[in-house]
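Here's the structure, in structure tokens; my notes come after.
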Amino acid sequence: MPVFLENHDAEIPLRPGTTKSDIVVYLYQNPEWGYSPQDIKEALDIPRGTATTTLKRLYDEDYIGKTADGYYHALGERRDIRRYVANHNQAHRMFGHHRDADATPEEPETKIGEGRTDEDLDAELADLEDDLHE
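If you count the sequence shown from 1, position 58 lands on 58 in full-length UniProt numbering, and the numbers rise without skipping.
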């Protein structure tokens with residue numbers, strides 16, 4: 001996934017598409033909430049062991065905070081990580097998939113030129129070109 005170089009911070013070793021990055025993005029997109037490992041597991045559809053281990057690593061590396069009763073959360077003072085998440089979101093908006101994989105394009109009720117001969121279409125085109133030149 002491309003990165004926006006103006007705000008890119010090479011000191012943050014997060015790579016989009018990894019569990020580590022997905023968890024950081026999720027927590028920083030929802031900074032007012034604290035999440036248990038089970039909450040993260042369910043939200044990101046990852047194995048419980050992966051959620052628990054990754055959350056612990058992120059906490060140990062000071063990417064995220066943790067309450068005394070075990071809820072993980074975004075850190076307000078980590079502007080560098082907030083920039084990473086903003087860049088991630090921007091790249092997703094620019095290059096992400098915006099429709100369901102199963103979606104099919106809508107078919108118009110009528111198609112351009114339907115029911116007209118080539119001669120009719122040529123005549124209509126000639127009329128339009130004449131209007132442009134007037």
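Yeah, the Cβ is synthetic: ideal placement off N, Cα and C, and Gly gets one too. Given the structure is predicted, the values throughout are model-derived calculations rather than measurements.
### Task
Measure from the alpha carbon of Ala68 to the alpha carbon of each residue in Leu44, Arg83, Lys41, Ser36, then state which is nearest.
Ser36
### Message
What does DSSP give as the partner residue(s) for His73 in the beta ladder?
### Response
Gly65
### Message
Going by C-alpha to C-alpha distance, which of Trp33, Leu44, Asp39 sits closest to Thr18?
### Response
Leu44
### Message
Using the Cβ count rule (16 or more neighbours within 10 Å means buried), how would you classify Leu125?
### Response
Around the beta carbon of Leu125, fewer than 16 other beta carbons sit within 10 angstroms, so the residue counts as exposed.
### Task
Measuring alpha carbon to alpha carbon, tell me which of Asp80, Asp131, Gln90, Arg57 ends up nearest Ile12.
Asp80
#### Entry: Terminal residues of the alpha helix (DSSP H) in which Thr50 lies
Boundaries of the alpha helix (DSSP H) harbouring Thr50: 48-60, taken from the DSSP string.
#### Entry: Where His88 falls, given that 16 or more other Cβ within 10 Å makes a residue buried
buried
### Message
Which of the three DSSP states is assigned to Tyr26 in this structure?
### Response
helix
### Task
Identify the continuous alpha helix (DSSP H) that holds Arg118 and give its terminal residues.
Reading off the sequence, residue 118 comes out as Asp, not Arg. It spans 118-133 - the alpha helix (DSSP H) in which Asp118 sits, taken as one unbroken run.
### Spatially closest choice to Ala51 from Asp131, Thr104, Leu27, by CA coordinates
Leu27
### Query
Roughly how many whole angstroms lie between the Cα atoms of Val24 and Asp118?
59 Å
#### Entry: Cα-Cα separation between His73 and Glu114, rounded to whole angstroms
58 Å
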